[in-house]
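In my numbering, the protein residues as written are 552 to 709.
In structure tokens form, the structure reads like this:
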């Protein structure tokens with residue numbers, strides 16, 4: 552019989568014994584995006600050799616996540632994984648680089664739209680996780696835009 556099969560035993564499962572003790576008065580963990588600046592809307596061209604680097608700092612995170620999921624939610628309703636690893640990165644990462652053109656070339660069924668996007672980042676608990684002291688609160692505070700280049704049209708042609 553396994554040790555967790557006995558209902559009278561008060562030992563938590565092994566997966567929860569490594570959780571840090573976090574005071575109930577601790578604030579929820581936060582992400583502050585430092586690149587691109589959140590104070591202005593950044594525009595990115597979907598073209599070869601154009602990359603977006605998203606970078607952030609953590610505050611008040613006392614329970615280090617195993618993984619982070621990074622996604623871009625388009626105004627058209629589509630959600631796109633950000634970065635080279637289908638949107639899932641190490642829980643201690645503080646940046647991710649997204650190759651827009653490579654993504655566009657390899658995802659023709661759901662291409663990136665020229666539109667506004669919101670950057671979302673969450674931990675192992677998922678995008679709907681509530682505020683918990685010391686645990687990362689899901690982030691969705693950065694707006695940015697993408698566009699596709701158009702061929703040059705001279706004034707005489709236009």
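Every residue gets a Cβ at the ideal spot worked out from N, C-alpha and C, and that includes glycine.
According to DSSP, simplified to helix, strand and coil, what is residue i?
i: residue 635; result: coil
i: residue 560; result: Unreliable positioning characterises residue 560 in this predicted model, as indicated by a pLDDT of 35, which lies under 50. A coordinate reading is not provided.
i: residue 654; result: helix
i: residue 576; result: coil
i: residue 696; result: strand
i: residue 705; result: coil
i: residue 671; result: strand
i: residue 690; result: strand
i: residue 582; result: strand
i: residue 597; result: coil
i: residue 684; result: strand
i: residue 590; result: coil
i: residue 659; result: coil
Can you have a look at residue i and say buried or exposed, based on whether 16 or more other CB atoms are within 10 angstroms of its CB?
i: residue 602; result: exposed
i: residue 648; result: exposed
i: residue 696; result: exposed
i: residue 706; result: exposed
i: residue 575; result: exposed
i: residue 553; result: Per-residue confidence for residue 553 stands at a pLDDT of 39, beneath the threshold of 50, marking its modelled position as unreliable; the derived number appears in the next sentence. Exposed, by the Cβ-count rule.
On a Cα-Cα basis, can you pick out the residue from the options that is closest to residue i?
i: residue 640; options: 682, 691 and 616; result: 616
i: residue 654; options: 612, 704 and 664; result: 664
i: residue 633; options: 618, 579, 608 and 650; result: 650
i: residue 609; options: 693, 685, 701 and 707; result: 685
i: residue 673; options: 577, 607 and 576; result: 607
i: residue 620; options: 600, 675 and 660; result: 675
State the CB to CB distance for the pair residue i and residue j, rounded to an integer number of angstroms; the pair is presumed to be in contact (CB under 8 Å).
i: residue 698; j: residue 597; result: 7 Å
i: residue 678; j: residue 689; result: 5 Å
i: residue 580; j: residue 631; result: Incorrect: roughly 25 Å between the Cβ atoms, too far for contact.
i: residue 671; j: residue 657; result: Their Cβ separation, rounded to whole angstroms, is 21 Å, which puts residue 671 and residue 657 out of contact at 8 Å.
i: residue 539; j: residue 687; result: In the structure displayed, the chain extends from 552 to 709; residue 539 sits before or after that span and is not available.
Worksheet item: Does the pairing of the stretch 620 to 627 with the stretch 585 to 596 give three or more beta-carbon distances under 8 Å?
Response: no
Worksheet entry | Sufficient close CB pairs (3 or more, under 8 Å) joining the stretch 569 to 589 to the stretch 630 to 639 | no
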